[in-house]
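One point on numbering: in the UniProt record's numbering, the residue at position 32 of the sequence shown is 32, and numbering is uninterrupted. Even glycine gets a Cβ: it sits at the ideal position worked out from N, Cα and C. Structure first, then comments.
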Amino acid sequence: MQLPDMNLLVALDALLDEGSVVGAARRMNLSPAAMSRTLTRIREAIGDPILVRAGRGLVPTPKALALREQVRDLVEQAALLFQSADDVELGSLRRRFSIRANDFFVGVYGGKLFDTMERQAPHCELRFVPEGDGDDEALREGRIDLSVSNNRPLMPEVKVQNLFSTHFVGLVRDDHPLFDEEITAERFAGFSHISMSRRGIARGPIDTALNALGLERRVAVIAPSFHAAMFALPDSDLILPVPKEALLSVRRLGLKLRSFTLPIPLPTLMLTQAWHPRFDKDPAHRWMRETLKACCDETWLAAQPT
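Shown next as structure tokens:
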């Protein structure tokens, strides 16, 4: 049986991932014209248009959507087959690393992670993916490389490494009336709060702790991200609980905000990185995991009180 040019699989993977001839050409270091000719060859080999014009862009056909995961798996398996089991040439490595994390993690650790990657693996791309509801199959299907979260993954085969532990502190504008007297649980609950939840959930461990003391707070604002919530504080008397590492962003940005120790007991949170075992022995993936852990360790130490 005569096999088609296997390079077409790599090109097809890039086209389906980018959804653009220009983007796929850039990833493969080809000219747009050359990638367009490659797309023509792919169409002839598969017997399907693969990508069709929709307005000013391109959209995949049903056949392309059905092939997407199969093509990605084949390309990854081929790359691992011809790759050294123990080493990777970072200087020439071309790869996109997709990491699912919330904006707190991206804001505090993303810059350092990118800086390290830019120095060691300058041709790689770092893609942060927002947390999604009910998307537990993303690791298994290879749509993301790593998931950073304080929630344990539901899939039993997924590998997990602890990154760091953290706790919440309170954050308010620097001249907030909360500081006029001792910060008690009663006074803490007496001011309106802002809650961070991508799903619009207002209640959580803080409310459980307050309820145990016979207290209840008013959550007046629900923001979709930590940084959006932080930017709302200077113009209000709102209180925002944040992981203590978020104070690094406050200092870097010069925000006129002040932190305080929460007057209620809350559990410590452990952030982890999780990945599918299919990538456990992949040297490039291992390098990314180790680099992310090292960035967390360095930043965690910088966030400790002196």
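{"query": "Taking Cβ to Cβ, would you say residue 149 is nearer than 9 Å to residue 125?", "result": "no"}
{"query": "Under 9 Å, do residue 181 and residue 173 count as touching if we go by C-beta distance?", "result": "no"}
{"query": "By a C-beta neighbour count over all protein chains shown, 10 Å radius and 16 as the cutoff for buried, is residue 1 buried or exposed?", "result": "Legend: pLDDT at residue 1 = 44, less than 50; position of this residue unreliable, no value from coordinates given."}
{"query": "Can at least three beta-carbon pairs, one atom from the region 152 to 161 and one from the region 268 to 275, be found at a separation below 8 Å?", "result": "yes"}
{"query": "If we ignore side chains and look at the alpha-carbon of each, how far apart do residue 262 and residue 209 end up?", "result": "11 Å"}
{"query": "With 16 other CB atoms within 10 Å as the buried threshold, where does residue 123 fall?", "result": "exposed"}
{"query": "Measuring only the C-alpha atoms, how far is residue 243 from residue 43?", "result": "50 Å"}
{"query": "At which residues does the beta strand (DSSP E) containing residue 128 begin and terminate?", "result": "125 to 129"}
{"query": "CB-CB under 6 Å to residue 146, same chain, minus the five flanking residues each way: which ones, in chain order?", "result": "99, 273, 275"}
{"query": "How would you call residue 217, buried or exposed, if buried means at least 16 neighbouring beta carbons within 10 angstroms?", "result": "buried"}
{"query": "From which residue to which residue does the alpha helix (DSSP H) around residue 226 run?", "result": "226 to 231"}
{"query": "Given 8 Å as the limit, is there contact between the region 46 to 63 and the region 245 to 263, that is, 3 or more CB pairs closer than that?", "result": "no"}
{"query": "Express the C-alpha separation of residue 227 and residue 104 in angstroms, rounding to a whole number.", "result": "7 Å"}
{"query": "Exposed or buried, residue 57, counting other C-beta atoms within 10 Å across all chains shown (16 or more means buried)?", "result": "exposed"}
{"query": "Between the alpha carbons of residue 55 and residue 22, how many angstroms are there, rounded?", "result": "16 Å"}
{"query": "Out of curiosity, what's the CA-to-CA distance linking residue 73 and residue 13?", "result": "10 Å"}
{"query": "Helix, strand or coil for residue 168, going by three-state DSSP, please let me know.", "result": "strand"}
{"query": "Short of 6 Å in beta carbon distance, which residues of its chain neighbour residue 169, apart from the five on each side in sequence? Order them along the chain.", "result": "244, 259"}
{"query": "Residue ranges of each alpha helix (DSSP H) run of no fewer than 4 residues wholly in the region 257 to 288, ordered along the chain?", "result": "none"}
{"query": "Could you check if residue 92 is buried or exposed, using at least 16 other CB atoms within 10 Å of its CB as the buried criterion?", "result": "exposed"}
{"query": "Could you pull out every residue in the same chain whose Cβ sits closer than 6 Å to the Cβ of residue 27, ignoring the five residues on either side in sequence?", "result": "14"}
{"query": "What first and last residue would you give for the alpha helix (DSSP H) that runs through residue 117?", "result": "103 to 120"}
{"query": "Which full runs of the beta strand (DSSP E) of 3+ residues lie inside the region 185 to 228, going along the chain?", "result": "192 to 196, 218 to 223"}
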